[in-house]
Every structure is written in C-alpha cells, then in structure tokens.
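The numbers in the numbering used here rise by one with no breaks, and the one at position 75 of the sequence shown is 219. Cβ coordinates follow ideal geometry from the N, Cα and C atoms, glycine included. I have placed the structure first, in the form of structure tokens, so that the comments after it can refer back to it.
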Amino acid sequence: MEQKQNSPRNLMKEERVAFIDKRLAQLYPKPPVPLDHQDPFTLLIAVLLSAQCTDERVNQVTPSLFAAADTPETMAELSVEHIRSIIRPCGLSPQKSKAIKGLSQLLITQHDSQVPRTFAELEALPGVGHKTAGVVMAQAFGHPAFPVDTHIHRLAQRWGLTRGKNVVETERDLKRVFQESRWNDLHLQIIFYGREFCTARGCDGRVCEICTTCYPLRKHPKKISKP
Ligand code: SF4
C-alpha cells in the first residue's frame, strides 16, 4: 500500500544528525566560551573550578582569584588555604585548592610555566580529567575535541545519537556522527541548547523543537542511562 505523503514519521539517524547540526548552528551561530579567562592558564583554572559548579558562579569567583594570582608562578606562591578561601563558593574547595596549587607547581617544574597542549600531559595534572583536558584543548588551543558532560550525555541519548552507557562511549559516538570541524562548536551549542530548553532532568523527551522534530511519534518518556 502506498504510504501517505505527509504522515509524520520519526527521522532516520542521518536525518537527525543533519537537522541537529543545522539547527544548533542557526540558534547559536558563534557560541562564546562561557568561562571568563585571559589565557590558557586562567582557562584551565576556570574549567577546573567549574566541576559541579555553574559557569556563572565560576565567573563570579575568578576575578578575585586572578587578581591574587593569574600565572603559575604567582598561583604557586599562594597557600592552599588562601586559594581555598577565595574559591569556596564553587564547592569542593579542599580538593580544588590543592589541585590548583599542585598543578601550578607542576607547570613551573615540568612545562616551563606553560599549559601543555596534549591530552596526556594535561590529564597528568592534578584535578584535570579527560573532560577538563578536552575543554582546554578545544577552547585554548583550537584542537578538535568533544568534551562530554552529563548534560551532553543526556541530550545525545534523547536525540538518539548514542546508546552510550557512559560519557566515554557518548564522546566516541558523537565524534563518529559529526564532522570533526564541528566538534568544538557543537560541544558548546549542545550545552547552550540544554541550558535554554532542557533544564528539567525529568523532561521525558517530548517537549521542545529538536525532540519533537526528530521523534514526532514518540509516545513514551525516553529513558536514559546515567553516566
Ligand atoms: S524535549 Fe525535553 S529532553 Fe528533548 S531536548 Fe527538549 S527539553 Fe530536552
């Protein structure tokens, strides 16, 4: 039997990828880097502080921190307690203050006071995981990376771009479906979209434009696996 021309249907994966790619580029044509910084070092510190903290709060705290120290040398001279007292509003301040002092010392002794430009060297620094390293590689050095946090992980699943059980698998799948030249912008564009539309963790995937365009026939809440 002939299929009706205009009957709604869920999009195929390639169609979803193309739609999401185009729509996010239209919505956020030149996505700005959300964390205020002056150079790779201050970006590295800001990204480290953003773990389990909002970018907005990090941007409220970093002016005081960078007024006290904005180079590895000056930061390494501050005591852990002093750093901790400034960054306390960001949460996890005991771990973060130790990491900031420790990585500043390591940058001086092992990297000529420069932020290294490889994942391996970045991830060897205290407090720097794969996601933090990816953000620095992308936003400080323009290296293609696709850092995946829990929000990107959630959206990628709701948009049917991955069945990854964790952020590592999701990153691998997103890198497969999107062009490398789009990775850095898409990372930010998905975050901006998530912040604007996908704030409710409980949203079941049948509300806003991207989900309803990709899955017009979705009848049941889309369950996701937690990273
Ligand atoms: S429909 Fe819900 S889950 Fe899907 S992108 Fe929109 S807010 Fe997020």
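| Check | Outcome |
| --- | --- |
| The segment 161-172 / the segment 324-342 touching (three or more Cβ pairs under 8 Å) | yes |
| Distance CB(V259)-CB(L192) smaller than 8 Å | no |
| I354 CB to nearest heavy atom of ligand 1 below 7 Å | yes |
| Spatially closest choice to S257 from S229, T343, G235 and D183, by CA coordinates | D183 |
| Proximity test, G286 beta-carbon vs ligand 1 heavy atom, cut-off 7 Å | no |
| Collapsed DSSP secondary structure at Q254 in the structure displayed | helix |
| Whole-angstrom distance between F341 and G91, CA atom to CA atom | A question about residue 91 goes unanswered here, because the residues of the chain that appear run from 145 up to 371. |
| Pair within 8 Å by beta-carbon distance, R160 and C352 | no |
| Heavy atom of ligand 1 within 7 Å of R350 beta-carbon | yes |
| Simplified DSSP assignment, three categories, for L361 | coil |
| Reference F163; option with closest CA among K363, T356, L361 and R362 | T356 |
| Alpha-carbon to alpha-carbon, P238 and T314 | 30 Å |
| Own chain, CB closer than 6 Å to E324, minus 5 neighbours either side, in chain order | P288 |
| Status (buried if at least 16 other CB within 10 Å, exposed otherwise) for N328 | buried |
| Per-residue burial, K363 [other beta carbons within 10 Å of its own, 16 or more giving buried] | exposed |
| F402 Cβ short of 7 Å to ligand 1 heavy atom set | In the structure as shown, the chain begins at 145 and stops at 371. Residue 402 is therefore absent and cannot be evaluated. |
| As assigned by DSSP and simplified to three states, the class of G278 | helix |
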